[in-house]
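Undergrad: Chains A and B, in that order, are what the protein sequence lines are. Take the first sequence: its letter number 310 is residue 310 in full-length UniProt numbering, and every next letter is one higher. Take the second sequence: its letter number 216 is residue 216 in full-length UniProt numbering, and every next letter is one higher.
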Amino acid sequence: MTATDAILPDRAPGRLTADVADPILARRAGRIWWACLALFLALTVLMVVSLTVLAVSGVGIWGINTSAVWGFAIVNYVWWIGIGNAGTLISAMLLLTRQRWRTSINRFAEAMTLFAACIAGLFPIFHLGRPWLFYWLVPYPNTMGLVPQWRSPLVWDLFAIASYILFSLMFWYTGAIPDFATLRDRARGRLTRAACGILALGWRGSARHWQVWQGYYGAMAAMGVPLVISVHSVVGMDYSAGLAPGWNETIFPPYFVVGAMFSGFAMVVVLAAIFRRALGVPHMITDRHFDIIGKVLLAGSLVMTVSYATEWFYAWYSGEPAEQRIVAVQLWGDYWPLYWGMLAGNCILPQLYWVPWCRRTLWVTVPVAIAINIGMWLERVVITVVPPTRGYLPSQWGSYWPTFWDWALFAGTLGFFGLLFTLFLRVIPAVSMHELKEQVDEEVRA
Amino acid sequence: MPPLTAPPDLGGGADLDRRAALKLFAAGAAALASGCRRSEDMLPYRDMPEYGASGDAVLFATALPLAGAARGVLVESRQGRPTKVHGNPDHPASLGSTDVFAEAALLSLYDPTRSASPAAGNTPVSWSAVADVLRQATADGGEGTALLTGPVGSPTLARQIRALLDAASGLRWFSHRPAAPALEVPTRAAGHDRVQLWPDWEQLDTVVTLGADPLGPGPAQVAMTKGWTRARADRRGTFTMHAFEPVPTLTGTKADLRSPVSPAELPRVARALLAALDGGEAPADVARAARALARARGRAAVLPSADLPPGALAAVAELNRRLAAPLARLLPFWHWPDVPQEDAGALLSALDEGRVQRLVVLGANPVYDLGAPFTDRLDGVRLVHLGHRQDETALRAEMHAPLHHPLEDWSDLRAVDGTAAPVQPLIEPLHESRSAHEVVEMLRGRAGRAARDLVEDTWRARWGERFAARWQEALRTGVIADFPPPATVPDEPPAPDDAPAADGDGFAHVALLSHAVLDGSHASNAWLQECPAPLTKQVWGNAASLSPADADRLGVAEGDAVVLRGRGAAVRLPVTILPGQAAGTVGTTLGYGRSAAGPIGSGVGADVRPLGPRVEIEPAGEEGGLVRTQVEFGQHGRDILRSVSAEDPGLETAHHASESFYAPWDYDSPSWGMVIDTDACSGCNACMIACQAENNIPVVGPDEVARGRHMHWIRIDAYDVPEDDVRGFQPVPCMHCEKAPCEPVCPVAASVHDEQGLNAQVYNRCVGTRFCQANCPYKVRRFNFFDYADSQAYAHLGADLLQAARNPDVSVRGRGVMEKCTYCVQRIEAAHHRASREDRPIREGEVVTACQAACPAEAITFGDVADPESAVSRARDDPRHYALLEHLGTRPRTTYLARVVPPARSEDG
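This is how it looks when you write it as structure tokens:
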């Protein structure tokens, strides 16, 4: 096995710990880090301004209208929650299936999940006409004697997102407890030591600790897999439970889950490349990782392509002129560049991953991954925006064009995501040290 | 009263001592306390009537003028403020229905930008100063003074003007009538210049129109639409209407046969009809119309446009004579045989000759209506303007003073058919305005008699001692019985043939009255500005309509800007493309391009009056700013607006109620439903404005409509009917589906089904997810993207005064809340209250929705579908009955009757 084929670093456990912990504890932040922080902070300010203007003026500042009542808010919600899907998938499903390569990427993939899911959670709340009343979707004892209307997919959605975010947070934190203990032990400043000590919950690394922890972590992982499926299935049902043409499709739940995994893995590729560079750990995040993820993306791309083809087929097969019209408009209507952009990003470009060299070569694999993310974002635009503008009654056909504030909020959330990640790099061990060392140890013994 | 000493000069640094200050303060307080208006006799209640306490609606009968002619109305008053206009079933120009202008009169009453007090330039003046100026104008016989009014339909005002002319022999009275009623045409009969044709629809089986639009906007619209729809319903299969017209009108759209012909061709059609009646040769469509006319001799009429040349009008008169048409030839409502009245043309000549030094304008806006020909001659003329607003004429005038809104005024008014109705105030005048009757008295140098006394004088003189009872009866019913019917105008002598109108270069220009702002006089009314043009669905502006072939030839698409040039004027308008428009013609709408119509109406659209009858068109190569509520007019093979043939009126589809997972609802009677007859709907929009008034629906403004955010709860979809080359109408309120797609998707149960079958929207429970609208296949829900009703209202529409127009029974919706048609649930609940007080079930026909009440075409039936005998149940048994998008399984309660393709079309030739 050559060095580039390895998925685990060939280093002593102590070195590994230093590789991960030093950027947080010892090294000072570099100029690039500060530049990123400034950029993302500025975009975060834009997000806060957008949300403030939104709260003051109302959702009318967006491009939505009587025909296309859902716009970028829902597009971005679905996109972010999709990105948020992959982290847990990697941690939980790959843990259960004992995929060893996951250990160097699972921590930041989980962080990605958590951040993306939180950002996603903002959108359904702020997209409401009266966002300050969002808690009416929660069943709680109230003087109105009302419970939520259980048939609504939006109520299912609230439960799905809320449980997913809570689960992701707990799973991520649980996985990091032993590493917080490591940081506590290596920390030089009192403050860092106290903070990490609190987060480590008194972890001493005893055999009993490890035994309890492993049982618990495995059980969490087993719970996590259905949640990953449910959260995006329910997002799909937000569309498919209705009867709007272009939305009322039973294929949506599975197709949304695969799409989410697809976009999430693509985002992992992008972030992994940045990490490898930022932390200087090519021995931990190796070319082999990109190779494996490339295969996953290729599989995802094929499933997406089949899904699109299925949509076309059923539009034709249904005999419903409204459905057929929507497919035609998506392909050849006003928004055709979006649809063809989506096909390029999701179906055509990922075919490069058939070639192993492309999967392993960063300057090929990362642009393709970015193209997938753009393609998946366009898919959400095409699904959310086009069908309502071509509904059953032609008299109500309209169009949707995003406004400045639509773009500002999207850019702002991208910045906020970046900001959280920039801070994450400096605060939390970005690679799961204990799992990595355990794997290396197993490797050595084998 | 001793003369007042001048107040101390407060400027110039003169010291104001304590005593002087106190004196001024006391004088000011006394002036405030004494008030400014003579109050009418108002006695407190001895026994408080129940309505006063409960806030129940009280109806008062009055009449509203449109282009000077009355439409009788019943106005709903809530605790002293008018909140809704209803039709008056007893009045011949209403017959219980309304038009958009009557419904929207309410908004103009409370318009905060109405002129509030007299002013000379920017300086407020008192009414006594106005009275002085008016008195001086007629002081020495009125020589050099002219009075310009709009059409005068008030017997009292006519009586006053005659007295004024008698007293001031030098005064000349001119009247300008920018919006003539349909079928008011020039005549060559001796001693007359105009005649009002008045068809007796009950006696008509065949109608041929030559450019006439009796169903179009104007004071006769309601009466004509009623007559037409009843004739069509009662004599289905017998009654046919053939239209020859250049630009599609409502009449042409509803005609059984429609031939697009250019304006120059219309006279030829008239003569060809005459020839064909004599058995001569004629083009196929003319021959077919002639055959239909000949078959129905004695029950057929030809209705001409007022724009036809004299020879063609004489030919039409000859046709009607030969057909023995049931067509009355009435004196126009504004014609007063014993009062010398001149028209606007005479005024322009008088101005040219320098005979007018002073011009008093009473209730007219000549600066806009007559345009440059008037303003160019205005140098050196002292202008006094009395009107409702600071309009274009007011801005040119030395002095302007406000007139009462018709809902604040006492008067009397004739309808187009000549019958009279009383006008009574619903509310004390909101501003420092006066009645036109009082102003004419001021011109006579008399003051002190209130409008009410002046109006009563007229009728007291006529009725003598029976006055008190008859006047009370008139005020109660809203009609003045036994008003002498207008004299008929004798038939005209034959005219020489017209010089054939040459088809010159460019396009024939046909300018029609606007469905929204009429002649521009309603431009400052936001409800009307946002009321879509029936065929193009344009709001907030006018457009140039072209036939598809001409648009192709010019290389312009819908919405592109074009420049129309004619008579030295150039007007830029967006293009709309209308199927069924005659090639070589361009259609425009009057009443736009106002420069002083307040924040609502100023700068909306362009004024096409200066263009003249022929125009050149060139593409401007840019976007034209066409704002519409509907963009796509094709049906795309979806069976939305369905048609049946007259011979076989049944729809072939089996009514397939699809299965549902949800259990059926369990209803008691009543269980409400609505049936809309798309064959009857004439597209007049009265339902939309009635709904807007009844349900406190906000106006959103042109920018928001352009973003696709109109708020009307009932809209009228227009679809191309491929086989006919016209558009058909389909009003779409909420469908109140049995299996409503909006209900299961709402997470907070704001969209719920009630025990009467209504699909209810609970505003205060709504959080604004908009899922309901996303899932509504009919897209009938409306979302408050902004706080349209109040803090984020368009222009000044959030003003406090406008809140008085609101229906207190209907919540005003805030930002972020979804709303929609409720079947006027407040009226249903009121009926429940009445019925339970009287311990009886709700009667059939007791609940009438606002749209149904307004509809002059009687296209809407509403009632209890659980009662098999109800009108709505009978309508649902009609073979033409169908549900919109039935295959989706929504089981709508609002259903439709299909259009009927008339037998005339399947006939030979």
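Glycine residues also receive a C-beta, built at the ideal position from the N, C-alpha and C atoms.
Are the beta-carbon atoms belonging to E249/A and Y314/A less than 8 Å from one another?
TA: yes
Undergrad: Under the assumption that L250/B contacts P534/B (Cβ atoms under 8 Å), give the Cβ distance between them as a whole number of angstroms.
TA: 6 Å
Undergrad: For chain A, find out if any of its Cβ atoms is closer than 8 Å to the Cβ of Y882/B; answer yes or no.
TA: no
Undergrad: Run through chain A and tell me which residues come within less than 9 Å of N784/B, C-beta to C-beta.
TA: G58, G60 and G129
Undergrad: Residues in the segment 325-355 of chain A with C-beta within 7 Å of chain B's C-beta atoms, listed in sequence order?
TA: R325
Undergrad: Going residue by residue through the segment 88-136 of chain A, where are the continuous alpha helix (DSSP H) segments of at least 4 residues, counting only ones entirely within it?
TA: 106-126
Undergrad: Just to confirm the assignment: which complete alpha helix (DSSP H) runs, minimum length 4, are found wholly within the segment 104-180 of chain B?
TA: 127-137 and 155-167
Undergrad: Does any residue of chain D bring its CB to less than 8 Å from the CB of G637/B?
TA: Within the model displayed, chain D is absent; protein chains A and B are what it includes.
Undergrad: Considering Cα atoms alone, identify which of R232/B, I676/B, G144/B and P214/B is closest to G252/B.
TA: P214/B
Undergrad: Can you tell me where the alpha helix (DSSP H) holding Q756/B begins and where it ends?
TA: Neither: Q756/B is in no alpha helix (DSSP H) and is coded neither H nor E.
Undergrad: To which residues of the same chain is T225/B closer than 7 Å at the C-beta, ignoring the five residues directly before and after it?
TA: Taken in chain order, the residues that qualify are L215, S682, C684, P856 and A857.
Undergrad: Note down, in chain order, each residue of its chain lying with its Cβ closer than 6 Å to the Cβ of D677/B, except the 5 sequence neighbours on either side.
TA: A859 and L897
Undergrad: Out of A264/B, W173/B, G624/B and P263/B, which has the shortest C-alpha to C-alpha gap to R572/B?
TA: G624/B
Undergrad: Using DSSP with H/G/I as helix, E/B as strand and the rest coil, what is V479/B?
TA: coil
Undergrad: Any idea if R781/B is buried or exposed, counting beta-carbon neighbours within 10 angstroms, 16 or more meaning buried?
TA: Burial state of R781/B is buried, judged by a 10 Å Cβ sphere holding 16 or more other Cβ atoms.
Undergrad: Taking buried to mean at least 16 other C-beta atoms within 10 Å of its own C-beta, is F786/B buried or exposed?
TA: buried
Undergrad: Helix or strand or just coil, what does DSSP make of L204/B?
TA: Residue state, collapsed to three classes: coil.
Undergrad: For F507/B versus V586/B, is the C-beta distance shorter than 8 Å?
TA: A contact, by the Cβ cut-off of 8 Å.
Undergrad: Establish whether the CB of L137/A and some CB of chain B are separated by less than 8 Å.
TA: At least one chain B Cβ lies under 8 Å of L137/A.
Undergrad: Suppose you measure from the CA of E622/B to the CA of A561/B; what does that come to, to the nearest Å?
TA: The straight-line gap from Cα to Cα measures roughly 6 Å.
Undergrad: Got a sec? Which residues, its chain only, sit under 6 Å from D285/B by beta carbon, not counting five neighbours each side?
TA: S259
Undergrad: Pull up the distance between the alpha-carbon of L413/B and that of L362/B, whole angstroms please.
TA: Their backbone Cα atoms lie some 16 Å apart in a straight line.
Undergrad: Are V185/B and L273/B touching if we call contact CB-CB under 8 Å?
TA: no
Undergrad: If A451/B sits next to S433/B, beta carbons under 8 Å apart, how far is it from one beta carbon to the other, in whole angstroms?
TA: That pair is no contact at about 11 Å.
Undergrad: Please go through the same chain and pick out, in chain order, the residues whose beta-carbon is closer than 7 Å to the beta-carbon of D908/B, but skip the five residues on each side of it.
TA: Bear in mind that the predicted position of D908/B carries a pLDDT of just 45, short of 50, making it unreliable; the figure below should be weighed with that in mind. Excluding positions up to five away in sequence, the list is empty.
Undergrad: What are the start and end residues of the alpha helix (DSSP H) that includes V212/A?
TA: A207 to S240
Undergrad: With DSSP collapsed to three states, give me the class of A6/B.
TA: Residue placement at A6/B cannot be trusted, given a pLDDT of 49 that sits under 50; what the coordinates show is reported in the next sentence. Annotated three-state conformation of A6/B is coil, per DSSP.
Undergrad: Using three-state DSSP, classify V49/A as helix, strand or coil.
TA: helix
Undergrad: Could you please tell me which residues of the segment 764-776 of chain B, in chain order, have their CB closer than 8 Å to any CB of chain A?
TA: R765, C766, V767, G768, T769, R770, F771, Q773, A774 and N775
Undergrad: Residue range of the alpha helix (DSSP H) that V364/A falls in?
TA: L362 to T389
Undergrad: So C746/B contacts chain A; which residues on that side make the cut at Cβ distance below 7 Å?
TA: By Cβ distance, chain A contributes Q149 and S152.
Undergrad: Look at the Cβ atom of A182/B, then the Cβ atom of E492/B, and state whether they are nearer than 8 Å.
TA: Taking 8 Å as the Cβ cut-off, A182/B and E492/B do not qualify as a contacting pair.
Undergrad: DSSP three-state label for L37/A, please.
TA: Helix, per DSSP.
Undergrad: Using the rule of at least 16 other Cβ atoms within 10 Å of the residue's Cβ for burial, across every protein chain shown, is E618/B buried or exposed?
TA: exposed
Undergrad: With a CB to CB cut of under 6 Å and the five nearest residues on each side skipped, what residues in its chain are close to V752/B?
TA: A760
Undergrad: Roughly how many angstroms separate the alpha carbons of S411/B and T156/B, rounded to a whole number?
TA: 7 Å
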